[in-house]
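Protein chains in written order, with the numbering used here: chain A, 5 to 268; chain B, 106 to 272; chain C, 444 to 1250.
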Amino acid sequence: MYDFAYHKPSSIADAVKLLTDDPDAKPVSGGMTLLPALKHRLNQPTALVDLSGIAELRDVRREGDALVIGAMVRHYEVATDPQIMAAIPALARMASTIGDTQVRNRGTIGGSIANNDPAADYPAAALALGATIVTDRRSIPADDFFLGMFTTALEPGELVTAISFPIPEKAGYAKLRNPASRYSMTGVFVARGPKGVGVGVNGAGPCAFRQAEMEAALAANWSVEAVAGVKQAPDDLNSDIHGSAEYRANLVTVMAKRAVADAG
Amino acid sequence: MPNVTLTVNGKTHAVEVEGRTLLVEVLREKLRLTGTHVGCDTSQCGACVVHIGGDSVKSCTILAVQADGAEVTTIEGLAAADGTLHPMQEAFREHHALQCGFCTPGMVMSAIDLVKKHPDGLSEQEIREGLEGNICRCTGYHNIVKAIAAAADVMQGRATEVARAAE
Amino acid sequence: MNVTKPVGAAFEGIGASVRRKEDLRFLRGRGRYTDDLSRPEQLQAWILRSPHAHARILSIDTAAAAAMPGVQAVLTAKEAEADGLGGVPCGWQVTGKGGQVMAEPMHPVLASGKVRHVGDPVAMVVAETKAQARDAAEAILVEYAPLPALPDMAAALAPRAVALHDEAPGNLCFDWEIGDKAATDAAFAGAHKVVRFETTNNRLVPNAMEPRAALGEYDPNADEYTLTTTSQNPHVIRLLMGGFVLKVPEAKLRVVAPDVGGGFGSKIYHYAEEALVTWAARRVGRPVKWTCERSESFLSDAHGRDHVTRAELALDAEGRFLGLRVETLANMGAYLSTFAPAIPTYLSATLLAGCYTTPAIHGQVKAVFTSTVPVDAYRGAGRPETTYLLERLVDVAARETGIDRIEIRRRNFIHPDQFPYQTPVALQYDSGDYETTLRLALEAADHAGFEQRRAEAKARGKLRGIGISTYLEACGIAPSKLVGQLGARAGLYEVANIRVHPTGSISVFTGTHSHGQGHETTFAQLVAEQLGVPLGSVEIVHGDTGKIPFGMGTYGSRSLAVGGAAMVKAMDKIIAKGRRIAAHLLEASVEDIEFGVDEAGGRFRVAGTDRTKSLAEISMAAYVPHDYPIEELEPGLEETAFYDPKNFTYPGGCHVCEVEIDPETGETQVVNFTACDDVGRVINPMIVEGQIQGGLAQGIGQALLEGTVYDSEGQLLTASLNDYAMPRATQVPSFGVSTAVTLCTHNPLGVKGCGEVGAIGSPPAVINAVVDALRELGVTHVEMPATPLKIWSIIQGKGGALSAATA
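Given below as structure tokens:
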């Protein structure tokens, strides 16, 4: 690791100011992705701004028909929070499969969303559920937030503060893990809710995406059979030694079937 | 350079670190608690697992400054003051759940958190899934799974000793 | 020797599952591994490694690095050459066809003139902290002129391929053969049927959980060096490093291997970093420590396997094997590691008979240099490669002849009444009973009930298959004279020094090394039982050339068969001397004194009387020789023995694997794994079962998960745990493990060895099960590792498998 300064602000405003004043500073929440990258000297921030001292980022609350989860809520808390388990049990189940116990004890939903790793679990859920990403300055629909590999709509210095999930009627998730990294090789989150049917896919492409044909099929007929007939085109999907684009395309369908079964 | 205060195994230490200093580096190099090991650089092997506030954490993936003020427990802090082993340590010995011993401290610390997070007991599958973050190259996991099941029974009051398993 | 279980005490002798002595320190976090040690004034080293697979070094500019904060030294080949350092030596010289000795290129400790694999050490920075050393290493300017990479054997053997070493034109290290070619050709000429099989035994990265580390120290007053290192054999390191690299006499060089976190072969070899820190410690006048990062270990620890093999088996009309022809290309990597030339030859091709009576065998091995990390022994070392080849080939033969897979094995087994059995490929097996281990494994696996389980799985949408392997291996290495004839540059005996202290406690100094095997317990059980002392009064000391007379270390499942036998020999000497002391004290003739162990412990007795002396009384007399035959006998009770084995030992057995394949994802889950192994006499069943379970997980890892991939530029794509799939707890099953014993006939304990059988027997059982699961699809072979992607691709009919037998 290269050395850096360390700040631990106690308010969102202070954090944003630190990040705005120093464009080469980086925010750190759980650090589950950032720290391994720093250890391999893959980037060289001048300062880390630790968000763990900001109490208001840790709330979970119901707002009307939505569940609002603070950015610093850890995966383990998402997996076990009674409100979340009652409102969106599929989201809690998904959180219980992220990484390993130690990642879940440290990693946060906001960090995962802001990092937008193509193989991370949350972006697919956010897309499928029609979530809204709340930042220190605005609200961004998930559809407009995830722009590409490790790229989001966040401006320099802009912080994710919470994610607002419309509560679905039903939702489900299934993934296949990469045999080495154990990240999602391909995962599919399906949901039917106030905004209609959503199907979010992670791991398969350079960025999580919605599978529109499957959404249409499920909207017409919510069943395993409905998605079984939809084939994902392999064009533009990721290809590596563990999974070709064709393999991942197949997994989109297979995991969609299993996610629908999981949703019931 | 930043100063951090850590309470490790009940003892409070004030140490000077760099921003980039990892918790595991403080434990091993400054506090000489070398029972916590480093087996990889990609946060996967789990040899470095310690408890922070009772939760298992990979000490190679947290900065010392992030742990400022924390209550840390390492493998050295598990046994009772009179030397009596924690039931998980005892079960690992009883069921031959370690060979070279290198992954063992992290494995034991993860296992204790795993049992804590399943207060009603664990199935074999839940134990195996709970070990996702810990790699052992020696044992094939068979005896680790047995040991954790036995320790869980003791820790959760279903048994009084990590009895020798039916062989 | 009569052994009576002490009344009222837990039995702790041979055959008891004694809980391990070493566990208490490991479980309390008090193990002492190399990186746990810190010395006053210690410096840290970072190695700058080549980013190129093959390149000429045009220049190295270290000036900026040397001026960085905390830097004490920046060392390159220039300094190494100026100080007269030698190359890293190879411990085995193979002589090929026509008496042609192998090409043995120089292996410098720091790259000189050229780099030959990604990860080849180029410079070492020594600084106050590791971060400073690494910061400075980034400031070293190296100008490279890239040369063509030779990422695999096909590239290296291609016509007009660039030579990696001037000493090895065509990148050929040696071309070697074994067996009777004419007899084998004749067998094929008369065959009813010939089956063919080709396979690549996948390259593996050992990944012991403790990364390698080395701590060098130099004491100017005594002019003595100490190296503390993660080694399986400290005396071998002292010999190779002291004798060939640093040119320091043994008396001035101490090598310590403290607690070592797993080895699996990868910590046998002498590595450049060991010599570098020892050398640097003298140059800078302070201790120097180097600890490998995991990702760095992928580029610097010797890899395993990587054989490409073509085989043909000739059969008669009844399915009896008549002849076997095998041609193997063995990847050596960029340089010859310590044992590398022996692996595909004397540890692999000599096993081509397996447990079968094939009368004529001819094997050929070409060893090839490539621009990859050196390849050497990894758990099983040569024997897994041959076992995989044979056990897949036998399954292919069964399918092509229509003979049941089990029946064809039975028809060709060497039977118990055929021992000693001379194979056509040099080895003479002493004992075994392959039919019994086969029968017991099939029963334990409920082989008879498999079809019902297959049907039940099919109803759940899963493809279920069962596979077996009946294997034999040769370990307990090795007779020195024999291996000397075969090219070994060392003897392979083992050494034990047993010191009975005045009050009867015992220190056992062994030249073997325990890095997970539990020697501190097993050896203590052996000594405690044979000398009749409590287990707690026996201490096993290993891993320090300053304490132990000599030793060849631990690998090849040799510790008990060779090291334990040396202890027996030393104990025999202790008892012989004790009898002479007892004869004096009891005023009897030596011939009338017998030693035995009863409830009270080990005692010397005047035969037929109740006049006895305990071992403690004898040892006290030996150290306080007031009433002692001092004119004829030296005081003290300490003996050293060197034991040179008469033969290899030959464990064998049967592994039965059941898998379920998810046809939608290609994922394979091992749902049942049953092993029945004959490892000879068992001292501690708990430890033996643990060794077998661990070996099975590594074998399953090879079969399903672990593959090492280089790209066409020679870059390692699987260069971290993020990319290289290690078995996790969810990816292996609970194991059904048992043993069935035939005794080794030529060592005093009747032991064979258990460290490698799991990794040797299991990969073909797994792949045979995978192929069986896919048989309805017409699949005849799946290459290792059988990853989800590969299986799914096969199911899709898009290739990905080598269609083996009928191609």
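Built from N, CA and C at the ideal position, the CB exists for glycine as well.
Remember, it's a predicted structure, so these values are computed and weren't measured experimentally.
CB contact below 8 Å: residue i versus chain B
{"i": "C:G1150", "result": "no"}
{"i": "A:G204", "result": "no"}
{"i": "C:M652", "result": "yes"}
{"i": "C:S1177", "result": "yes"}
{"i": "C:N410", "result": "There is simply no residue 410 of chain C to check, as chain C begins at 444 and stops at 1250 in what is shown."}
{"i": "C:D744", "result": "no"}
Expected contact under 8 Å - CB spacing of residue i and residue j to nearest Å
{"i": "C:V565", "j": "C:A582", "result": "That belief does not hold up - the Cβ atoms of C:V565 and C:A582 are roughly 13 Å apart, past 8 Å."}
{"i": "C:A773", "j": "C:H750", "result": "5 Å"}
{"i": "C:P1170", "j": "C:L1148", "result": "6 Å"}
{"i": "A:F169", "j": "A:L255", "result": "Not quite, the Cβ-Cβ distance comes to about 25 Å (not below 8 Å), so this is no contact."}
{"i": "C:A1009", "j": "C:A939", "result": "4 Å"}
Length of the line joining the Cα atoms of residue i and residue j
{"i": "A:S2", "j": "A:G207", "result": "This structure cannot settle anything about residue 2 of chain A, because the visible part of chain A is limited to 5 through 268."}
{"i": "C:K1241", "j": "A:A130", "result": "Legend: pLDDT at C:K1241 = 45, less than 50; position of this residue unreliable, no value from coordinates given."}
{"i": "A:V258", "j": "C:P1106", "result": "10 Å"}
{"i": "C:G633", "j": "C:E755", "result": "14 Å"}
{"i": "C:K624", "j": "C:R753", "result": "16 Å"}
{"i": "A:Q280", "j": "A:T50", "result": "Only positions 5 to 268 of chain A appear in the structure, and residue 280 of chain A is not among them; the question remains open."}
{"i": "A:G191", "j": "C:P867", "result": "55 Å"}
{"i": "C:R848", "j": "C:N645", "result": "24 Å"}
{"i": "C:R697", "j": "C:T669", "result": "5 Å"}
{"i": "C:L978", "j": "C:G1006", "result": "19 Å"}
{"i": "C:T1092", "j": "B:I249", "result": "30 Å"}
{"i": "A:D54", "j": "C:A651", "result": "35 Å"}
Coil, strand or helix - residue i by DSSP
{"i": "B:H247", "result": "helix"}
{"i": "C:M567", "result": "strand"}
{"i": "C:M775", "result": "strand"}
{"i": "C:L615", "result": "strand"}
{"i": "A:N274", "result": "No answer is possible for residue 274 of chain A: the residues shown for chain A start at 5 and end at 268."}
{"i": "A:L52", "result": "strand"}
{"i": "C:N1115", "result": "strand"}
{"i": "A:D85", "result": "coil"}
{"i": "C:L790", "result": "coil"}
{"i": "B:H142", "result": "coil"}
{"i": "C:L689", "result": "coil"}
{"i": "C:R726", "result": "helix"}
{"i": "C:T1173", "result": "helix"}
{"i": "C:H1027", "result": "helix"}
Proximity test, Cβ basis, 8 Å: residue i and chain E
{"i": "C:L974", "result": "Structure shown: chain E not included; protein chains present are A, B and C."}
Below-8 Å beta-carbon distance, residue i vs any chain A residue
{"i": "B:V154", "result": "yes"}
{"i": "B:P107", "result": "yes"}
{"i": "B:V162", "result": "yes"}
Interface flag, residue i vs chain C, CB-CB below 8 Å
{"i": "B:E266", "result": "no"}
{"i": "B:P210", "result": "yes"}
{"i": "B:N121", "result": "The sequence given here places Glu at residue 121 of chain B; Asn does not occur at that position. Chain C contact via Cβ: absent."}
{"i": "B:C165", "result": "no"}
{"i": "A:P86", "result": "no"}
Item to complete: Select from the stretch 672-700 of chain C all residues with a C-beta closer than 7 Å to any C-beta belonging to chain B, and list them in chain order.
Response: none
Item to complete: Give the residues from the stretch 895-910 of chain C that approach chain A closer than 9 Å (Cβ to any Cβ), ordered along the chain.
Response: none
Practice prompt. Please list the residues of the stretch 31-46 of chain A that have a C-beta atom closer than 8 Å to any C-beta atom in chain B, keeping them in chain order.
Written response: V32, G35, M36, L39, P40, L42, K43, H44
Practice prompt. Please name the residues in the stretch 184-216 of chain B whose beta-carbon is closer than 8 Å to at least one beta-carbon of chain C, in chain order.
Written response: A184, L190, Q194, F197, R198, E199, H201, L203, Q204, C205, G206, F207, C208, T209, P210, V213
Practice prompt. Give the residues from the stretch 1098-1130 of chain C that approach chain B closer than 9 Å (Cβ to any Cβ), ordered along the chain.
Written response: P1128, M1129, I1130
Practice prompt. Taking a Cβ distance cut-off of 7 Å, strictly less, list which residues of the stretch 535-554 of chain C are near chain B, in chain order.
Written response: none
Item to complete: Anything in the stretch 988-1011 of chain C with a Cβ closer than 9 Å to a Cβ of chain A? List those residues in chain order, please.
Response: none
Worksheet item: For the stretch 1215-1236 of chain C, which residues have a beta carbon sitting closer than 8 Å to at least one beta carbon of chain A?
Response: T1230, P1231, L1232, W1235, S1236
Fill in: Interfacial residues, the stretch 721-737 of chain C to chain B, with Cβ spacing under 9 Å
T734, E736, R737
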